[in-house]
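Chemist: Heads up: the sequence lines are chains A and B, in that order.
Quick note on numbering: this note's numbering labels position 29 of the first sequence as 29, and the sequence is numbered without any gaps.
Quick note on numbering: this note's numbering labels position 108 of the second sequence as 108, and the sequence is numbered without any gaps.
So that we are looking at the same thing, I have put the structure below in structure tokens.
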Amino acid sequence: MPRVIVDVMLKPEILDPQGKAVAGALPRLGFDGISSVRQGKRFELEVDGTVDEAKLAEVRSAAETLLSNPVIEDVVSVRVAEETA
Amino acid sequence: MPKIGVVTFPGTLDDRDALRAVKLAGAEPVALWHNEDDLHGVDAIILPGGFSYGDYLRAGAISRFAPVMERVVDAAKGGMPVLGICNGFQILTETHLLPGSMIKNAHRTFICRDQPLRVETSRTAWTTDYTDGEVIRIPLKNQDGQYVADQRTLDMLEAENRVVFRYVEGATHGPAGFEENPNGSVNAIAGITNEWGNVVGLMPHPEHAVEAGFGPDMPGEGTRSGTDGARFFSSVLTSLVAAN
């Protein structure tokens, strides 16, 4: 079954407290040289049948309606996953 | 007797307190169910606090699509008073009945304290019994309480006097740097209203401050003696009488 991957990120101007917490923890573990972290969400949608342009448009619409809140988040990508063996 | 509905979603926590607050104010409380497409003839609606649908995806994101919400949106657009408390406020922003959104508290921890608020306007359906500029104290308890909105929205809210409550100093404890503004909300915004003043959302909890002995601690007055939240519920009765 084909999978569509949707990535959602907080808008750049919105503070990301979770990303900040991760960035703060990295140096404590010895991972230096990482100055900033922003945390997002990845959705994997299994789609019936084949994925054509119409299906992708539908997924994009779902991503903008439910998977993200356009006030604080951007849908940064909607793409078909590579088949894995 | 006016009927005030309180919606219960899966994961709602404060519905019973809200129903009790309605009863103490002298209205008839009506329990509404998320999965029902019916408002049972209520005159006003409260969306209470909690973690509806586990706050999965985003706080309030899934509740927005519950069958009862379609009716709530129609009623709100028709002028019915609607109050969203905490998770209820988050649902109102997800539903776009109120602008902006809530993200995680800036200090990343859950906060629970008795919170002083300044009432910025009494010209809403839920604040008519308060005085402009009055400071009240009611409980605050949340994880995702940081109000955010873009500059254009903020300018509009301020210009139209639609910030209803602002966090002010005077809380007894909290994370360092958050003595006044408990979650980093922009412009210290604790609650807002829509352009008609019938829909109000706020993060703190008026329904937990309606009965002496069970309310917040009031410095200089006594422990658990605070009843500053009671006038939310008397205000809406005043508004309903004025409207009829």
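Ideal Cβ positions, reconstructed from N, Cα and C, are used throughout, including at glycine.
(1) With a CB to CB cut of under 8 Å and the five nearest residues on each side skipped, what residues in its chain are close to B/N35?
(2) Could you give the residue range of the beta strand (DSSP E) that holds A/D7?
(3) With DSSP collapsed to three states, give me the class of A/I72.
(4) Closest Cβ-Cβ distance between B/A61 and chain A: below 8 Å?
(5) Express the C-alpha separation of A/G40 and A/V76 in angstroms, rounding to a whole number.
(6) Tell me the start and end of each unbroken alpha helix (DSSP H) in the segment 63-124 of chain B that is at least 4 residues and wholly inside, in chain order.
(7) I need the straight-line Cα distance from B/G79 to A/R28, nearest angstrom please.
(8) Do B/N183 and B/N105 count as a contact pair if the criterion is CB distance below 8 Å?
(9) List the residues of chain A that B/R108 touches, going by C-beta distances under 9 Å, in chain order.
(10) Going by DSSP in three states, B/R16 sits in which element: helix, strand or coil?
(11) What three-state label does DSSP hand B/R58 in the structure shown?
(12) Give every residue of the same chain whose Cβ lies closer than 8 Å to the Cβ of B/R224, excluding the five residues on either side of it in the sequence, and list them in chain order.
(13) If I measure Cβ to Cβ from B/G262 and keep anything under 7 Å in the same chain, skipping five residues before and after, which residues do I get?
(14) Strictly under 8 Å for the Cβ-Cβ distance: is A/A85 near chain B by that measure?
(15) Apply the 10 Å Cβ neighbour rule to B/R64 and answer buried if 16 or more other Cβ atoms are within range, or exposed otherwise.
(16) By the DSSP assignment, the alpha helix (DSSP H) with B/F232 in it spans what residues?
(17) Would B/A59 be called buried (16 or more neighbouring beta carbons within 10 Å of its own) or exposed?
(18) Tell me, please, which residues DSSP counts as bridged to B/Y167.
(19) I need the straight-line Cα distance from B/P175 to B/D114, nearest angstrom please.
(20) With 8 Å set as the bound, which would you pick, yes or no: does the beta-carbon of B/S235 sit closer than that to a beta-carbon of chain A?
(21) Given that A/I72 touches chain B, what residues does it touch there, using C-beta distances under 7 Å?
(22) Going by DSSP, which residues form a beta bridge with B/Y147?
(23) In chain A, which residues lie less than 7 Å from B/R58 when you measure between Cβ atoms?
(24) Could you list which residues in chain B have their beta carbon closer than 9 Å to that of A/L91, in chain order?
(25) Does the ligand PLP have even one heavy atom less than 7 Å from the beta-carbon of A/S61?
(26) Step through the CB atoms of chain A and report whether any lies within less than 8 Å of the CB of B/E70.
(27) Rounded to a whole number of angstroms, what is the C-alpha to C-alpha distance between A/A85 and B/E94?
(28) If you draw a straight line from the C-alpha of B/P116 to the C-alpha of B/A18, how long is it?
Modeler: Considering the structure as presented:
(1) Only A66, P67, V68 meet the Cβ criterion.
(2) 3-10 is the extent of the beta strand (DSSP E) around A/D7.
(3) If DSSP states are grouped into helix, strand and coil, A/I72 belongs with coil.
(4) For B/A61, the answer is yes, since a Cβ of chain A falls inside 8 Å of its Cβ.
(5) Distance between the alpha carbons of A/V76 and A/G40: 10 Å.
(6) Runs of the alpha helix (DSSP H) spanning 4 or more residues and lying entirely within the segment 63-124 of chain B occur at 67-77, 87-94, in chain order.
(7) Going by the C-alpha atoms only, they are around 54 Å apart.
(8) Yes; because the gap between Cβ atoms is below 8 Å, this pair is in contact.
(9) Result: P17, Q18, K20, A21.
(10) Correct three-state label for B/R16: helix.
(11) Three-state result, B/R58: coil.
(12) Here the set comprises A212, G213, F214, G215, P216, D217.
(13) Outside the displayed span of chain B (1 to 244) sits residue 262 of chain B, for which this structure offers no information.
(14) For A/A85, the pLDDT reaches just 48, beneath the cut-off of 50, and the residue's location in the model is therefore unreliable, leaving the point undetermined.
(15) Under this definition B/R64 is a buried residue.
(16) Its alpha helix (DSSP H) spans residues 230-243.
(17) Its Cβ being crowded by 16 or more others within 10 Å, B/A59 is buried.
(18) DSSP output for B/Y167 lists B/L117 as bridge partner(s).
(19) B/P175 and B/D114 have their C-alpha atoms spaced approximately 14 Å apart.
(20) B/S235 has a beta carbon lying at 8 Å or more from every beta carbon in chain A.
(21) Under the 7 Å cutoff, chain B gives S101, I103, V148.
(22) B/M102, per the DSSP bridge assignment.
(23) Here the neighbours are N69.
(24) Outside the shown range of chain A, which is 1 to 85, sits residue 91 of chain A, and nothing can be said about it.
(25) With respect to the ligand PLP, the structure shown offers nothing to examine, as it has no ligands at all.
(26) No, B/E70 lies away from the interface with chain A (no Cβ there is under 8 Å from its Cβ).
(27) For A/A85, the pLDDT reaches just 48, beneath the cut-off of 50, and the residue's location in the model is therefore unreliable, although a value from the coordinates is still provided. Each residue's alpha carbon lies about 40 Å from the other.
(28) Going by the C-alpha atoms only, they are around 20 Å apart.
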